[in-house]
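Reading through the structure tokens given below for one structure.
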Amino acid sequence: MSTTRGISRRGFAAAIGSMAGSRMLSEMAYAQRAAVPGALAEDMVWLNANENPAGPPKAAIEAMIKILPDSGRYHYQEYGAFYAAVAKSEDLAPEQVLIGAGSSEVLHAAVDAFTSPTRPLIAISPTYEGPIDVAQALGRKVIRVPLTSAYGADVKRLVEEAGTAGGGLIYLCNPNNPTASVTPKADIGYLVSNLPPNTIALIDEAYHHFAETPEMESALAYVRRDKNVIVSRTFSKIYGMAGLRAGYVCARPDLINQMSPFRNNVISIVAVRAVLAALADAPNFIPERRAKLLKTRQELCRWLEAKNLPYIESHANFLMIDLGREAKPVIAALPLKGVAVGRPFPPLTNMMRVSIGTDQEMARFREVFWSVYSA
Ligand SMILES: Cc1ncc(COP(=O)(O)O)c(C=O)c1O
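Counting from 557, one number per residue, gives the positions in the sequence shown under my numbering.
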């Protein structure tokens, strides 16, 4: 019998229910973790929100410890330099960057600014639901464009839909969550070159650090060329700082100015200092983290192949496994045995998303998953 963290099943359901009806749903990182059914094991292996088990880099932890005694002050005078440092890390000017409490906040600002009663959100499907949920909460029309058979974005259809609608916001996640697939660079190029009037492309690159294929190319080059393109990035994934809530979008200054009024959080000085330290130290830990992750992911792939379980080739820190039957019951059963995996992602109803954790966590996943799946 697993122990609980002191929240009843009913209380949990009520909390999720009340969140679903409000703007608070925008905090998807929280919702993802919370949306685990049943009692929570104290030693739950969390493979449900694509976090990084390595956590914040050492330099960031030291910087946070150092600033804690001084966190009684706002430190607003430091924020100009902070925005400049984040912009510089992408070779951009400060006016081309908007920082938010996680990329969630600034993705939502993009939906607020660039959809309207006459401008829909046009999203690949399935994909990360954050921007879609906000658009729906705002009463905007959402047009879903199925992925290609190679799990890339169908860029021709995205362009066509935007043209037919008379403009809109195109949301394309690359690499995509939940499929961990990449939309090839030529297709991103096609999309940007063929954007209809009144149309902005929002390219979410939360997982770009994990993609090694030459087909993956950041859309930041288009931001630098002043195109109608917004690129979002986050410190929640390879940086391992999801709980600190820091992310940003990059775009032309006029687009940044339109999104800016919809941002309503200033990230804490503790997160600011962590981000600055992490950026300064990035060359020392990012390649190492990527290599470790790819090795652990590779081991999982080999195991799945030995079990004859197909999966989508992954370019991210998670993997989509084809169970060959309805995945929902397996997804629901795993947390009760101490392993939480990703929520269902219709229409891929036979697939289950698992985040890549430590080697130890993945060993536990294999054991528990196989006991449930083969029962
Ligand atoms: C594709 C994608 N974008 C954005 C986010 C939001 O992350 P955060 O707000 O922590 O930056 C997530 C979270 O899992 C995600 O998968």
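Glycine is no exception: its CB is placed at the ideal position from the N, C-alpha and C atoms.
Residue i to residue j span [Cα, whole Å]
{"i": "Gly-722", "j": "Ala-862", "result": "50 Å"}
{"i": "Gly-894", "j": "Ala-706", "result": "33 Å"}
{"i": "Leu-800", "j": "Leu-776", "result": "24 Å"}
{"i": "Arg-881", "j": "Asp-599", "result": "28 Å"}
{"i": "Lys-614", "j": "Gly-913", "result": "18 Å"}
{"i": "Glu-768", "j": "His-871", "result": "7 Å"}
{"i": "Phe-957", "j": "Ser-792", "result": "Any question about residue 957 goes unanswered here, given that the chain covers just 557 to 931."}
{"i": "Arg-700", "j": "Ala-888", "result": "26 Å"}
{"i": "Val-662", "j": "Asn-750", "result": "25 Å"}
{"i": "Ile-935", "j": "Ala-834", "result": "For residue 935 there is no data in the structure shown, the boundaries of the chain being 557 and 931."}
{"i": "Ala-597", "j": "Leu-654", "result": "38 Å"}
{"i": "Ala-619", "j": "Ala-605", "result": "26 Å"}
{"i": "Glu-855", "j": "Pro-740", "result": "25 Å"}
Span of the beta strand (DSSP E) around residue i
{"i": "Ser-681", "result": "677-681"}
{"i": "Val-653", "result": "653-656"}
{"i": "Pro-702", "result": "698-702"}
{"i": "Ala-777", "result": "Not the beta strand (DSSP E): Ala-777 falls in the alpha helix (DSSP H), residues 776-780."}
{"i": "Thr-755", "result": "755-760"}
{"i": "Asp-743", "result": "It is not in any beta strand (DSSP E) - Asp-743 instead sits in the alpha helix (DSSP H) that spans 741-749."}
Residue from the options whose Cα sits closest to the Cα of residue i
{"i": "Lys-712", "options": "Ser-627, Pro-731, Lys-697 and Pro-752", "result": "Pro-752"}
{"i": "Asp-668", "options": "Ala-693, Val-653, Phe-841 and Gly-658", "result": "Ala-693"}
{"i": "Tyr-929", "options": "Asn-864, Ala-872, Pro-902 and Lys-848", "result": "Asn-864"}
{"i": "Tyr-795", "options": "Pro-839, Arg-899, Phe-818 and Val-805", "result": "Pro-839"}
{"i": "Lys-783", "options": "Glu-844, Thr-790 and Leu-811", "result": "Leu-811"}
{"i": "Gln-734", "options": "Leu-904, His-631, Asp-743 and Leu-856", "result": "Here the sequence assigns Pro to residue 734, which means Gln is not the residue at that position. Cα-wise, what sits closest to Pro-734 is Leu-904."}
{"i": "His-631", "options": "Phe-874, Pro-885, Ile-877 and Ser-824", "result": "Ser-824"}
{"i": "Ile-877", "options": "Asp-915, Gln-916 and Trp-926", "result": "Trp-926"}
{"i": "Met-908", "options": "Asn-608, Val-886, Gln-916 and Val-831", "result": "Val-886"}
{"i": "Val-805", "options": "Lys-848, Ser-788 and Glu-618", "result": "Ser-788"}
Chain-order list of residues whose beta-carbon lies under 6 Å from that of residue i (same chain, five-residue window excluded)
{"i": "Leu-728", "result": "Ile-680, Ala-709 and Ile-759"}
{"i": "Ala-666", "result": "Leu-758, Ile-786 and Met-815"}
{"i": "Arg-987", "result": "Residue 987 is absent from the structure shown; the chain starts at 557 and stops at 931."}
Integer Cβ distance of residue i from residue j, believed to fall under 8 Å
{"i": "Val-828", "j": "Glu-634", "result": "7 Å"}
{"i": "Leu-603", "j": "Phe-670", "result": "Actually they are not in contact, since the Cβ atoms of Leu-603 and Phe-670 sit about 33 Å apart, beyond 8 Å."}
{"i": "Leu-714", "j": "Leu-747", "result": "6 Å"}
{"i": "Gly-628", "j": "Ser-660", "result": "Contact flag wrong, Cβ pair sits at about 27 Å."}
First through last residue of the alpha helix (DSSP H) which encompasses residue i
{"i": "Phe-841", "result": "825-862"}
{"i": "Met-815", "result": "809-815"}
{"i": "Ser-645", "result": "635-645"}
{"i": "Val-924", "result": "915-929"}
{"i": "Thr-720", "result": "711-721"}
Same chain, Cβ closer than 7 Å to residue i, five either side skipped, listed in chain order
{"i": "Asp-837", "result": "Pro-613 and Ala-615"}
{"i": "Gly-611", "result": "Gly-796"}
{"i": "Gly-658", "result": "Ala-585, Thr-790, Ser-792, Arg-801, Ala-802 and Gly-803"}
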